[in-house]
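Protein chains in written order, with numbering that gives the first Met the number 0: chain A, 0 to 299; chain B, 0 to 291. Heads up, the beta-carbon is just placed ideally off N, CA and C, and yes, glycines get one too. Note that the coordinates shown come from a computational prediction; the quantities given were computed from them, not determined experimentally. Scroll down for the structure; my scribbles are underneath it.
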Amino acid sequence: MSTGSYIRRFWQLYAMLLLPVSFFALFKYGPMYGVTIAFKDYNIFQGIWQSPWNGTETFREIFDMQTFKTALRNTFLLNFLDLAVSFPAPIILALMLNEVRQMRVKRVFQTVMYFPHFISWVIIGGLFLQIFATNSGIINQMLNHAGFQSIPFLSNKYWWLATYLVAGVWQSVGWGTIIYLAALTGINKELYEAAETDGAGRMKRMWHITLPGIRPTILMLLILAIGEMPRIGFERPFVLGNSMVSDFSEVLSTFVYKIGLQTGEFSIATAVGLFQSVIALVFLLGANTITRKFADQSIV
Amino acid sequence: MKQKNAGRLFESLNITLLFILAVLCLAPLLHIVSLSLSSGTEITSGRVTIFPRGFNIESYQQMLQDVSMFRSLLFTVVLTVTFTVLCMLMTILAAYPLTKKGLKGRKFILYFIVLTMYFGGGVIPDYMLTKGLHLLNSMWALILPGLISPFYMIIMMSFFRSIPQGLEEAAEIDGASFNGILMRIILPLSVPVLVTLSLFYAVGRWNGFSDSLYYITDPKLYPLQLKLYQIVMNSMLVGQDAAERLSQLENPILPESLKAASIIFSIVPIVIVYPWLQKYFVTGTMLGSVKE
């Protein structure tokens, strides 16, 4: 095809791409220029360009900050606990839902359990802070009525961890079953029939047929979840956390917000953000490599 | 016979457990609904669980007197609709050309876009850009930076690819331009994915909170979630003069009850669209998980 006819044929497609490409250039690649202030002594009045370079000074500074180290530790701590609790929960729930024979009943359960996924963290925060409040919360009022002492769910850092995990499971467990339920439909029905004639009970069939059937999906999602370890959303720890439990609730995302946008230490906050992005990228690439290897093996 | 009994026991145990879990999923919401509808004395005594006691709707009446709540609601509706329409336009403009194998530079542009899924400037550089463009305290700060989600674009592309090639080729032979093919063939055949992704964008915008916390300081431009955050976290009563009004009432409304009413107020729109949300989100999630 000659250049002329190529252009005549394809110019409309390039015209369509003009706005989207400009969007990515400006709003996604534009900020990458701003990352340079992690290596500068940024001064608002001098701007990004004029501020003097200071090499890795900022990074040395953040590694001396106790608050940064705490936030880094907490990011991994909360993600690890979340993995331990929120990862197996949907698998178990999916296995339970899979055993429900009446389709209508199953659908009702699914409809109810998917719902929390659509509620914002601000609202979930509002719900949980109300329910677990030390004095006026319903849980503690019920404990008091039963003759027990109130539990400081929100103000004791160890109890707070439990609250944080429960909120996460509540929000995600139902929705998390979707991908497993989809994988379950792919299991050969004849396997169950054969096992039944051999006298295998429900539990045995679940253990020896259902679970191995979704093992590739479980492994894949597990590797992806491990790859996500250095990243943490902002809203959940921010909304649920408070100053009494900041030993555990302060994570990298909330730290960046506080030190950057509230205190105005732009260079430090940018350096922390960059550090986190790089670690996240390493984890992600690692996870990617492992998945690829694992996928290749499973084909062979 | 023995095995049949065991199976029946297993089944009823399973259903009972699932029923308890389903109740636990709804209990926090029912509790908040009850708080918003109960009288102050019943709430302080700790007797309100998942049914309202001392039924009254005063907390709603009081909340609805607050003009700023409606302003936030209205602003959030306008914001969400504008955002969703623009996102869909931009995502279509990006997805369609990138499904055309013959297009030179296609691979490069695709990498250019997908890379942003894995690496970005971060909160502060994003903030500095928004500020540099004079978008702080403007609705556009909550729209422009999120116009195209690469992930949703990929979902749309895989749907476009599933449309039989023959249709397009026939139209091309008839002299239709890419514009015409997109408008008259591709889009009308893609209604399911268009609805799904519109809902994805809309729910994300409706529930989104952190960007408004970063970029908006003018209370007139508070989206509902930010407004709600202030109400819930500051334990403040709705509106400036609410404390005064409260002291004049014979049967004061507890802040808990008002907070609960505000939470319910902002959940209602999600509840209304939930049947559609559920239907399309499940298919959308499937589409997303089977991509390449």
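- Query: Would DSSP call S246/B helix, strand or coil?
  - Reply: Only weak support exists for where S246/B lies, its pLDDT of 48 falling under 50; the value from the coordinates is given anyway. Looking at S246/B - three-state DSSP - the assignment turns out to be helix.
- Query: Count the other CB atoms within 10 Å of the CB of L212/B; is the residue buried (16 or more) or exposed (fewer)?
  - Reply: So L212/B ends up on the buried side.
- So who's on the other strand from K39/A, going by DSSP bridges? Answer is W52/A, bridged to K39/A.
- Query: Taking 8 Å as the CB-CB cut-off, is V84/A touching chain B?
  - Reply: No, no contact with chain B.
- Is the shortest distance between the beta-carbon of I298/A and the beta-carbons of chain B less than 8 Å? In this predicted model, I298/A has a pLDDT of only 37, less than 50, meaning its place in the structure is not dependable; the value taken from the coordinates is given anyway. Contact of I298/A with chain B is not assigned, every C-beta pair being separated by 8 Å or more.
- Item | Euclidean distance between Cα positions of F280/B and F9/A | F280/B and F9/A: Cα-Cα distance of roughly 34 Å.
- Mind reading off the beta-carbon distance from M39/A to S50/A? Whole number of angstroms is fine, and I expect it under 8 Å. A small fix is needed here, since residue 39/A is Lys in this sequence, not Met. Contact flag correct, Cβ pair sits at about 5 Å.
- Apart from the five residues on each side of it in sequence, which residues of its chain come closer than 7 Å, Cβ to Cβ, to I278/A? Closer than 7 Å at Cβ, skipping near neighbours: P229.
- Task: Identify whether P229/A lies in helix, strand or coil by the three-state DSSP scheme.
- Result: Three-state DSSP puts P229/A in coil, outside helix and strand.
- Message: Using the Cβ count rule (16 or more neighbours within 10 Å means buried), how would you classify T262/A?
- Response: With fewer than 16 other Cβ atoms inside 10 Å of its own Cβ, T262/A counts as exposed.
- Item | Distance, L273/A Cα to L134/B Cα | Looking at the two C-alpha atoms, the distance is approximately 24 Å.
- Cα-Cα separation between V237/B and M127/B, rounded to whole angstroms: Low local confidence applies: a pLDDT of 38 at V237/B is under 50, so the model's placement there is unreliable, with the coordinate-based value given in what follows. Straight-line spacing of the CA atoms in V237/B and M127/B works out to 32 Å.
- Message: Report the CB separation of S209/B from I230/B in whole angstroms; it is logged as a contact under 8 Å.
- Response: The Cβ separation is near 17 Å, so there is no contact.
- Query: Given Y113/A, which residues of its chain have a CB within under 6 Å of its CB, disregarding the five upstream and five downstream residues?
  - Reply: Here the set comprises G173 and W174.
- Which of the residues in the region 51-74 of chain B, read from start to end, lie with their CB under 9 Å from any CB of chain A? Residues passing the 9 Å Cβ filter: none.
- Message: So that I know if they touch, is there some Cβ in chain B lying closer than 8 Å to that of S154/A?
- Response: Not one chain B Cβ lies under 8 Å of S154/A.
- Using the beta-carbon of each residue, which ones in chain A are nearer than 7 Å to F199/B? Within chain A, no residue comes near F199/B; the closest Cβ sits about 11 Å away, beyond 7 Å.
- Query: What span of residues does the alpha helix (DSSP H) with A70/A cover, start to end?
  - Reply: Counting along the chain, the alpha helix (DSSP H) containing A70/A begins and ends at Q65 to S85.
- Find the residues of chain B that neighbour R201/A, judging by a C-beta separation of less than 7 Å, and give them in chain order. Per Cβ cutoff of 7 Å: G6 and F9.
- For a contact meaning CB atoms closer than 9 Å, what does V255/A contact in chain B? Contact annotation for V255/A against chain B: G121, V122 and I123 [CB-CB distance below 9 Å, chain order].
- Can you give me the Cβ contacts of Q247/B inside the same chain, cut-off strictly under 7 Å, excluding the 5 residues immediately before and after it? Any reading at Q247/B must be qualified, since the residue scores a pLDDT of 47, below 50, and its modelled position is unreliable; the value itself is stated next. Excluding positions up to five away in sequence, the list is empty.
- Message: Could you compute how far the alpha carbon of R160/B sits from the alpha carbon of A94/B?
- Response: Spanning the two alpha carbons is a distance of roughly 10 Å.
- Contact set for V301/A: own chain, Cβ-Cβ below 7 Å, skip 5 residues either direction: Absent from the structure is residue 301/A, since the part of chain A shown begins at 0 and ends at 299.
- Item | Nearest neighbour of Y273/B, chosen from L227/B, T284/B, D217/B and V202/B [CA to CA] | Y273/B has its Cα closest to that of V202/B, out of L227/B, T284/B, D217/B and V202/B.
- Measure from the alpha carbon of A24/A to the alpha carbon of each residue in E41/B, V76/B and Y110/B, then state which is nearest. Per the Cα distances, Y110/B.
- Message: Under DSSP, the alpha helix (DSSP H) around S1/A begins and ends at which residues?
- Response: In the DSSP annotation of this structure, S1/A is not part of any alpha helix (DSSP H), being labelled neither H nor E.
- Would you check if the region 219-230 of chain B and the region 69-79 of chain B touch, i.e. whether three or more CB-CB distances between them fall below 8 Å? Contact holds: three or more Cβ-Cβ distances are below 8 Å.
- Message: Considering only the alpha carbon of each residue, which of Y151/B, E255/B, L141/B and Q61/B lies closest to N206/B?
- Response: Of the candidates Y151/B, E255/B, L141/B and Q61/B, the one whose C-alpha sits nearest the C-alpha of N206/B is L141/B.
- Message: Let me confirm a value: D240/B is counted as buried when at least 16 other C-beta atoms fall within 10 Å, else exposed. Which label applies?
- Response: Note that D240/B scores 43 on pLDDT, short of 50, meaning its location in the model is unreliable; the coordinates nonetheless yield the value given after this. With fewer than 16 other Cβ atoms within 10 Å, it is exposed.
- Item | Proximity test, Cβ basis, 8 Å: I262/B and chain A | So yes, I262/B belongs to the interface.
- Determine contact between the region 177-187 of chain A and the region 91-102 of chain A, defined as no fewer than three beta-carbon pairs at a distance below 8 Å. The region 177-187 of chain A, when compared against the region 91-102 of chain A, does touch it at the 8 Å Cβ threshold.
- Query: Using a beta-carbon distance cut-off of less than 8 Å, what residues from the region 98-109 of chain B approach chain A?
  - Reply: Result list: K99, G101, L102, K103 and I108.
- Query: For chain B, is any of its Cβ atoms less than 8 Å away from the one on S1/A?
  - Reply: No, S1/A lies away from the interface with chain B (no Cβ there is under 8 Å from its Cβ).
- Between the Cα of E294/B and the Cα atoms of N4/B, M89/B, E10/B and S44/B, which residue gives the shortest distance? Residue 294/B lies beyond the range of chain B shown here (0 to 291); nothing can be said about it.
- Query: Do I162/B and L181/B have their C-beta atoms closer together than 8 Å?
  - Reply: No, these two residues do not count as a Cβ contact at 8 Å.
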